[in-house]
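Novice:
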Amino acid sequence: MAPTSPHPTRPPPKPARNWPLWGGTIAFLVAMTWWSAHGIGFSLAELFCNAAGGKRLLQESWPPDFGFLPRLIDPFMETIYIAIVGTVVGGILAIPVAILAARNLTLGPIIWFADRNFMNILRTLPDLFWAMLFATAVGFGPVAGALALSVFTIAVISKLWSESLESIDMGMPEAVRACGGTWLQMVQFGAIPQGLQHYVSYALYAFELNVRASMVLGLVGAGGIGMILETQRANFEYERVTMIILAVLVAVLIIEQISESIRKRLA
Amino acid sequence: MNKIKSQGSIRFTDANIVYPNGTVGMKDLNLEIKPGEFVVIVGSSGAGKSTLLRAVNGLNRMTSGRIEVDGVAVPQKDGRELRVLRKRIGMIFQDFRLVKRLTVMSNVLIGRLAHVPGWRAMFNLWPAHDKEVAMQALERVGITEKAWVKASQLSGGQQQRVGIARALAQEPAIILADEPVASLDPVTTHQIMQDLVRINRELGITTLVNLHFLDLAKKYGQRIIGLRFGELVYDGSAASVTDDDFRNIYGRDFTEDDVLDEDVVG
């Protein structure tokens, strides 16, 4: 309690706001933005000058070509298949990766360190990079997409789950140890029951991300609806492009709603 | 199953445990516990009661000295030898340590983990014999009707009975009970203590119980061991322990916080 205050119950006076810090931060952000915009030749004036081109593109893109919709079904299903395979394969492989990266469960500092770095590498490289890599390795098509999403899924789930595993109560794992259980049994019977709900939740979240990502993967030849999008765009069929974008938007929204409601129920 | 065990002796020789932060958990401990004894360990918190119990099954490692179970030194590193030792030592915890989302039966079967081939446990393919052992363990603590109920649905006393059943399912030579009644109400406390005493008598399992209530120690203990700052300061029969002995163990006059039933304070 501040001894200077005549009223012992009164809180101390509100500290003055640090104006130089605030002003400095704002000035810094403005300078950074201006510098970056200049760097890429971005200017509002230019945007207005090109507005006519943008307007023509919009006119050509409307109305969406609903007649094209039936031809979207197969590639769309392919996209979903890619997302499912990627989520399941990646989800299974993420289990050991996550467990060995959890400080409280890992098998030793060297394995922990190696696994952490492995995860960092997976996470640092974007999904499009993996798609291009696998498209080169196994050829263009959905298999490359599924492989890319498997890697992406390992990266997502292992990062999230290893952190939630680190916060489990270690009492039960210790009890399994005290019974003479092995490391694997400690993990299976002591740790995983506590982390299961989180795992399912993260796997569903990864599936949402994968559906969205598998739309884009087609752009680099990894199968699915993105491939159709790229072909139509290259042929200047903008009304079909609009149709595809609309369909994707609706599908992603529906899948996210379903997944989210399941995850909420799990929580 | 569960015939009288002829084994279950524990011997500490010049055993010391110093924790990494410098706290002394065990100091020059020399102690011998005979098969089938019921030993209550008392002392204020931080006196080293848990340290002593956890040294017996190697959950705490020694800084120096030796602990033997049935003449075999407790291994001081993880591995097969330590698992073989732990297989014969059941442990009961203050916070029960059950998998709440699993059935009572699944929890008791964890006590059989070290007795069956690894792949069987992994895929939940328990041999009939092991399921029978688990069921008999539940019978022993009188909650067979809860076998297929989720552990989370049980009361505290029932959960601790599952904890005891899990230890019994190991068919152990020794049971270590670390403050087994500290999170229970007085009535349940007496029931659980009676269970532990009865099991000790019926099966001859060497039983070590940490307690912080003096009256419980006196009522249920056969032999009482008093610890203070990791040192053995009392070792004698429960029948002859006096209030002065307790004062010496605690290093102070005791209060009603030290007893479960307040009217016992003399």
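As given, the protein sequences belong to chains A and B, one line each in that order.
All residue numbers for the first sequence refer to the numbering used here, where the first residue is -9 and numbers rise by one.
All residue numbers for the second sequence refer to the numbering used here, where the first residue is 419 and numbers rise by one.
The beta-carbon is built from N, C-alpha and C at its ideal position, and this holds for glycine as well.
Just so you know, these numbers come straight off a predicted model, no measurement behind them.
(1) For T431 of chain B, report the span of its beta strand (DSSP E) as first-last.
(2) For K505 of chain B, which residues in chain A fall below 9 Å Cβ to Cβ?
(3) Measuring straight from C-alpha to C-alpha, what distance separates R584 of chain B and A125 of chain A?
(4) Helix or strand or just coil, what does DSSP make of M160 of chain A?
(5) What do you reckon, are the CB atoms on I428 of chain B and T624 of chain B nearer than 9 Å?
(6) Note the first and the last residue of the continuous beta strand (DSSP E) segment covering K445 of chain B.
(7) If you follow the alpha helix (DSSP H) that E246 of chain A is part of, which residue opens it and which one closes it?
(8) Taking the alpha-carbon of F502 of chain B as reference, which of B:R515, B:I510, B:F511 and B:D488 has the nearest alpha-carbon?
(9) What do you get for T143 of chain A, buried or exposed, if any count of 16 or more other CB atoms within 10 angstroms of its CB means buried?
(10) Using 9 Å as the threshold, is the C-beta distance between M444 of chain B and N475 of chain B below it?
(11) For I147 of chain A versus A181 of chain A, is the C-beta distance shorter than 9 Å?
(12) G529 of chain B versus chain A: which residues are under 7 Å apart at the beta carbon?
(13) Can you confirm whether the segment 238 to 256 of chain A touches the segment 98 to 114 of chain A when touching is taken to mean that 3 or more C-beta pairs between the two stretches lie within less than 8 Å?
(14) Using the Cα positions of I610 of chain B and S601 of chain B, report the straight-line distance between them to the nearest angstrom.
(15) If T712 of chain B and G648 of chain B are in contact, beta carbons under 8 Å, what's the gap, nearest whole angstrom?
(16) For my contact list, K549 of chain B and G170 of chain A are in at a C-beta cut-off of 8 Å; report their separation, rounded to the angstrom.
(17) Return the chain-ordered list of same chain residues with a C-beta closer than 6 Å to the C-beta of E597 of chain B, the five sequence neighbours on each side being excluded.
(18) Would you say L477 of chain B faces chain A, with C-beta separation under 9 Å as the test?
(19) Inspect the CB distances between the segment 207 to 214 of chain A and the segment 69 to 87 of chain A and report whether three or more fall short of 8 Å.
(20) At a CB-CB cut-off below 7 Å, which residues of chain A make contact with A539 of chain B?
(21) Once DSSP output is grouped into helix, strand and coil, what is the label at L594 of chain B?
(22) Between which two residues does the beta strand (DSSP E) harbouring G98 of chain A extend?
(23) Residues in the same chain with beta-carbon distance under 7 Å from V238 of chain A, minus the five sequence neighbours each way, listed in chain order, please.
(24) Verify the CB distance criterion: does P183 of chain A have a CB-CB separation below 9 Å to chain B?
(25) Between A532 of chain B and A587 of chain B, which are expected to be in contact by the criterion C-beta below 8 Å, what is the C-beta distance as a whole number of angstroms?
(26) Could you please give the first and the last residue of the uninterrupted beta strand (DSSP E) stretch that includes R484 of chain B?
(27) Identify which residue in B:F430, B:N525, B:N448 and B:L449 has its Cα closest to the Cα of V492 of chain B.
(28) Since E164 of chain A meets chain B, which of its residues come closer than 8 Å, beta carbon to beta carbon?
Specialist: From the atom records:
(1) Position 13 of the second sequence, counted from the start, is the residue given in the question as residue 431 of chain B. Under the DSSP assignment, T431 of chain B falls in the beta strand (DSSP E) whose first and last residues are I428 to V436.
(2) The residue given as residue 505 of chain B occupies position 87 in the second sequence. Within 9 Å Cβ-Cβ: C169 and G170.
(3) Translated into the one-based positions of the second sequence, residue 584 of chain B becomes position 166. Translated into the one-based positions of the first sequence, residue 125 of chain A becomes position 135. If I take the Cα positions, the gap works out to 53 Å.
(4) What you label residue 160 of chain A is simply residue 170 of the first sequence in a count that begins at 1. Of the three classes helix, strand and coil, the one that applies to M160 of chain A here is coil, per DSSP.
(5) As a first step, residue 428 of chain B is located in the second sequence; it is residue number 10 there, counting from the start. As a first step, residue 624 of chain B is located in the second sequence; it is residue number 206 there, counting from the start. Yes, the pair counts as a contact, with Cβ atoms nearer than the cut-off.
(6) The residue labelled residue 445 of chain B in the question sits at position 27 within the second sequence. First-last of the beta strand (DSSP E) with K445 of chain B: V442 to I451.
(7) Counted from its first residue, the first sequence places residue 246 of chain A at position 256. It spans Y228 to L256 - the alpha helix (DSSP H) in which E246 of chain A sits, taken as one unbroken run.
(8) Position 84 of the second sequence, counted from the start, is the residue given in the question as residue 502 of chain B. Checking the displayed sequence, the identity of residue 502 of chain B turns out to be Val instead of Phe. Distances from the alpha-carbon of V502 of chain B to those of B:R515, B:I510, B:F511 and B:D488 put B:D488 closest.
(9) Counting from 1 along the first sequence, the entry for residue 143 of chain A is found at position 153. When all chains shown are included, T143 of chain A counts as buried.
(10) Here residue 444 of chain B refers to the residue found at position 26 of the second sequence. Here residue 475 of chain B refers to the residue found at position 57 of the second sequence. It is not a contact, given that the beta carbons lie outside the stated cut-off.
(11) For this step, residue 147 of chain A is matched to residue 157 along the first sequence. For this step, residue 181 of chain A is matched to residue 191 along the first sequence. Between I147 of chain A and A181 of chain A, the C-beta gap is not smaller than 9 Å, which leaves the two residues out of contact.
(12) Residue mapping note: residue 529 of chain B aligns to position 111 of the second sequence, counting from 1. The contacting residues are C169.
(13) No: fewer than three Cβ pairs fall under 8 Å.
(14) What you label residue 610 of chain B is simply residue 192 of the second sequence in a count that begins at 1. What you label residue 601 of chain B is simply residue 183 of the second sequence in a count that begins at 1. One C-alpha to the other measures close to 11 Å.
(15) Residue coverage of chain B in this structure runs from 419 to 684, which leaves residue 712 of chain B outside it and unanswerable.
(16) Walking along the second sequence from the start, residue 549 of chain B turns up at place 131. Walking along the first sequence from the start, residue 170 of chain A turns up at place 180. In fact, because the Cβ distance is near 18 Å, the residues do not count as touching under 8 Å.
(17) For the purposes of this step, residue 597 of chain B is taken as residue 179 along the second sequence, with counting starting at 1. Correct list, in chain order: Q512 and N628.
(18) Taking the first residue of the second sequence as 1, we reach residue 477 of chain B at position 59. Yes - at least one Cβ of chain A is within 9 Å of the one on L477 of chain B.
(19) Of all C-beta pairs linking the segment 207 to 214 of chain A to the segment 69 to 87 of chain A, three or more are shorter than 8 Å, placing the two stretches in contact.
(20) In the second sequence, the residue the question calls residue 539 of chain B occupies position 121. Those are Q175, listed as they occur along chain A.
(21) Here residue 594 of chain B refers to the residue found at position 176 of the second sequence. The answer is strand: DSSP assigns L594 of chain B an E or B state.
(22) Locating residue 98 of chain A in the first sequence gives position 108, counting from the first residue. According to the DSSP assignment, G98 of chain A belongs to no beta strand (DSSP E), since it is labelled neither H nor E.
(23) Mapped onto the first sequence, residue 238 of chain A falls at position 248. Cβ within range, chain order: M205 and I215.
(24) Locating residue 183 of chain A in the first sequence gives position 193, where the first residue counts as 1. Yes, P183 of chain A counts as interfacial toward chain B.
(25) As a working note, residue 532 of chain B is residue 114 in the second sequence. As a working note, residue 587 of chain B is residue 169 in the second sequence. Their Cβ separation, rounded to whole angstroms, is 11 Å, which puts A532 of chain B and A587 of chain B out of contact at 8 Å.
(26) Taking the second sequence and counting its residues from 1, the one referred to as residue 484 of chain B is at position 66. Here the beta strand (DSSP E) through R484 of chain B covers S482 to V487.
(27) On the second sequence, position 74 is the one that residue 492 of chain B refers to. Nearest to V492 of chain B by alpha-carbon distance, out of B:F430, B:N525, B:N448 and B:L449, is B:F430.
(28) Along the first sequence, read from residue 1 onward, the residue named residue 164 of chain A stands at position 174. The answer, in chain order, is L477 and R515.
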